[in-house]
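> Pasting a structure below so you can have a look.
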Amino acid sequence: MTPDIRWYDSVPSTMDIATALAAQGAPHGVVVAAHHQTAGRGRRGSTWVSPPGAGLYFSFIGRPTEARKIPLMTLASGVAVRDGIVAATGLAPDLKWPNDLLIGRKKLAGILAEGHALGSCDQAVVIGVGINVRPAAYPPDLNARVTSIESELGRPIDRDALLIEVVTRLET
């Protein structure tokens with residue numbers, strides 16, 4: 036089955052759009068992706084810097100069927116994103132629990148999970164993913180702390196293939 040991926044050129048945050056879609060009843064597996072975010076979010080209110088065309092910025096709507104699975108979704112998402120990167124590129128980042136993927140000490144990707152309407156029949160977990168794909172002009176305070184897949188591999192990769200590999204793993 037082909038994933039339901041809804042692409043945008045630029046948005047404030049894919050999390051906001053995915054959350055609104057989840058509230059409107061969007062099913063498990065809907066993905067909101069953007070080439071650029073102007074207000075990407077990280078954990079604890081931090082900002083996820085999303086330079087245009089330099090990464091994959093997307094949010095996945097998960098509809099857990101059992102409440103006991105909800106606490107495991109962040110951990111499972113980290114494994115899914117890591118496994119998708121390995122499958123698409125051969126690069127094997129380390130997973131820093133619960134939500135960062137690293138090469139050495141440099142951040143390659145981040146994951147943010149937010150629950151919505153938990154405990155109701157409409158419950159959802161929106162999983163935001165940011166993967167640094169291409170080298171970009173990051174703010175000076177980030178330059179020494181981030182890396183990208185293409186910087187690490189020394190070659191370009193297919194962003195669409197990467198997205199499909201990661202989303203396929205998130206669906207399961």
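Note that the numbering used here has the sequence shown beginning at 36, numbered continuously upward.
All C-beta atoms in this analysis are idealised placements derived from N, C-alpha and C, irrespective of residue type, glycine included.
Over the uninterrupted alpha helix (DSSP H) stretch that includes Asp195, give me the two end residues.
Looking at the DSSP string, the run of the alpha helix (DSSP H) that includes Asp195 is 194-206.
> Going by C-alpha distance, which of Val161, Arg204, Pro175 is nearest Gly60?
Nearest of Val161, Arg204, Pro175 to Gly60, Cα basis: Val161.
> Just checking my contact of Gly75 with Arg204 at CB under 8 Å: how many whole Å lie between their CB atoms?
Not quite, the Cβ-Cβ distance comes to about 21 Å (not below 8 Å), so this is no contact.
> Where Met50 and Lys141 are concerned, what is the direct C-alpha to C-alpha distance, given to the nearest angstrom?
24 Å
> Can the beta-carbon of Ser94 be found closer than 8 Å to that of Gly163?
yes
> Buried or exposed: Ser112, going by 16 or more other Cβ atoms within 10 Å of its Cβ?
buried
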